[in-house]
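Input: a single structure, listed below in structure tokens.
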Amino acid sequence: MAKTTNMFRKARIRIVAVIMGTLTVIFVLTLALIYLTSYASVSNNNLSELRDHAKGRKGRTAGMYYSVEIDDAGKASVSENRSEGKYSDEELISLAEDAKDKSKGEIGDLLYVVEEKDGVTRITFMDNTSTRRNFSNIFRNTLLFGSLALVVLFVVAWVLSGKIVKPMEESYKLQKQFTSDAGHELKTPIAAVSANLEMLRREVGENRWLDNIDAENTRMRELVTQLLELARNENQELPKERVSFSRIVTGTILPQEAVFFEKGITVESHIADDLFVNGNKGQLEQLTTILLDNAVSHTSSDESRRTVSVVLKRVRDHVILEVTNPGKEIPEAERQVLFTRFYRADDSREYTGHYGLGLSIAKAISDAHDGKIEVTCEAGLVTFRVFLKAA
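If you read the sequence shown in my numbering, its first letter stands for residue 224, the second for the next number, and so on.
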């Protein structure tokens with residue numbers, strides 16, 4: 224059950240990630256909007272009051288304002304400086320020289336406006352330090368409380384995600400348990416039917432009705448076997464070790480060559496040596512067999528295009544198994560559900576020896592090895608790829 228628990232834990236993490244990502248984006252955008260609009264509003268108010276002060280309408284403490292006048296000859300003098308040593312006259316004159324060619328602006332912590340009257344350019348400054356400090360405190364406090372709120376919301380989202388996922392997890396476990404139990408329960412009557420068929424054959428000899436029963440019983444036995452394999456791959460955490468995937472793939476292809484030859488299919492294999500993965504040897508053999516069997520079953524009937532390619536290679540830190548066969552292109556919509564149990568891509572539902580479980584088992588094995596399986600179609604070729612972490 225560890226794999227099931229891990230799967231739903233990942234689902235919870237994805238749910239929480241979406242919720243928290245959305246809330247964080249909303250929080251950041253809201254904070255930025257409030258901060259910028261408020262700062263712009265206060266700055267405009269300060270600038271308006273600064274203009275009033277420059278025109279002689281006193282509205283604030285005089286110590287917050289500084290004025291420099293520059294005459295036609297370019298001589299500058301400080302007409303107002305009550306900064307109590309914060310800015311010297313020389314500093315104010317230097318700032319005025321930088322600002323005189325503009326109408327308004329901001330230098331450091333000072334707002335300024337420039338006005339000309341009677342040949343004299345007057346640059347009036349306002350100390351904006353307190354406004355900046357206040358907004359800095361507001362921003363810091365908002366960020367702090369917003370972060371705390373996000374932490375609380377994270378806890379709430381995690382709890383809620385558990386409640387959302389729990390019914391699905393229980394339903395999934397019950398479904399898998401039912402598959403396993405049903406498979407085991409069906410084994411006994413199938414074995415009984417086989418035994419009774421054998422007894423009847425001894426008494427009545429060959430009989431087409433008995434042959435029909437035997438064929439259907441064989442189909443049922445194969446289906447039950449695949450169901451139990453699927454349940455075992457999904458439920459059990461089989462031991463893993465460092466194994467040579469190169470040897471596994473090569474060893475799986477060799478027994479299949481007779482089947483390929485019988486069906487008139489040529490196999491081209493390109494197996495890189497000494498490629499290792501951490502996995503279960505039996506499951507990896509089964510995975511390779513399923514992909515080879517699938518390629519044989521769906522290879523084009525065109526005699527000139529009956530070649531199956533098997534490639535095992537390493538790309539960076541992954542070992543990739545590719546099985547390619549010429550065949551009918553699989554529509555994108557079908558590729559999304561191709562690994563769903565009991566799904567069969569062909570329109571015909573007549574018996575072909577396949578029940579739509581093989582690729583489901585392949586995906587279960589891939590998932591059990593923290594790998595990925597995919598299918599692509601290009602230029603009349605269908606390729607199944609399995610990505611496993613190299614060891």
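Glycine included, C-beta positions come from ideal geometry on N, C-alpha and C.
query	result
Considering only their Cβ atoms, is the gap separating V546 from H493 smaller than 7 Å?	no
Take every Cβ of the stretch 362-374, pair it with every Cβ of the stretch 230-240, and state whether three or more of those distances are shorter than 8 Å.	no
Should R345 be labelled buried (16 or more other beta-carbon atoms within 10 Å of its own) or exposed?	buried
Quick one: measure Cβ to Cβ for F348 and L318, integer angstroms, because I've assumed they're closer than 8 Å.	7 Å
Please determine, among A614, G328, P412, the residue with the shortest C-alpha to C-alpha distance to F468.	A614
Which partner residues of K612 appear in the DSSP bridge assignment?	H541
With K504 and I476 assumed to form a contact (beta carbons below 8 Å), what rounded beta-carbon distance in angstroms separates them?	About 15 Å separates the two Cβ atoms, so there is no contact after all.
From G487 to I238, what does the alpha carbon distance come to, in whole angstroms?	50 Å
For D496, tell me which candidate among N229, I513, V542 has the shortest Cα-Cα distance.	V542
With a CB to CB cut of under 8 Å and the five nearest residues on each side skipped, what residues in its chain are close to L366?	L254
Please confirm if the stretch 548-556 is in contact with the stretch 595-609, defined as three or more CB-CB distances below 8 Å between the two stretches.	yes
Is the CB-CB distance between S583 and F562 below 7 Å?	yes
Which same chain residues end up closer than 8 Å to Y288 when comparing Cβ atoms and leaving out the 5 residues on each side of it in sequence?	L273, H276, E303, R305, T347, F348, M349, D350
With DSSP run on the structure shown, which of helix, strand or coil describes H521?	coil
Starting from G474 and walking both ways along the alpha helix (DSSP H), at which residues does that stretch end?	468-485
Evaluate contact between the stretch 383-391 and the stretch 417-434, counting only Cβ atoms and requiring at least three cross-stretch pairs below 8 Å.	no
May I ask you to report which of helix, strand or coil DSSP gives P462?	coil
Ordered along the chain, which non-local residues of its own chain (more than five positions away) have a Cβ less than 6 Å from that of V490?	F483, V531
Starting from the C-beta of V336, find all residues in its chain whose C-beta is less than 8 Å away, skip the five residues before and the five after it, and write them out in chain order.	L270, L273, R274, A277, S326, K327, I346, T347
Where L315 and G369 are concerned, what is the direct C-alpha to C-alpha distance, given to the nearest angstrom?	40 Å
Checking the sheet assignment: what are the DSSP bridge partners for V598?	F607
Any idea what DSSP makes of Y310, helix, strand or coil?	coil
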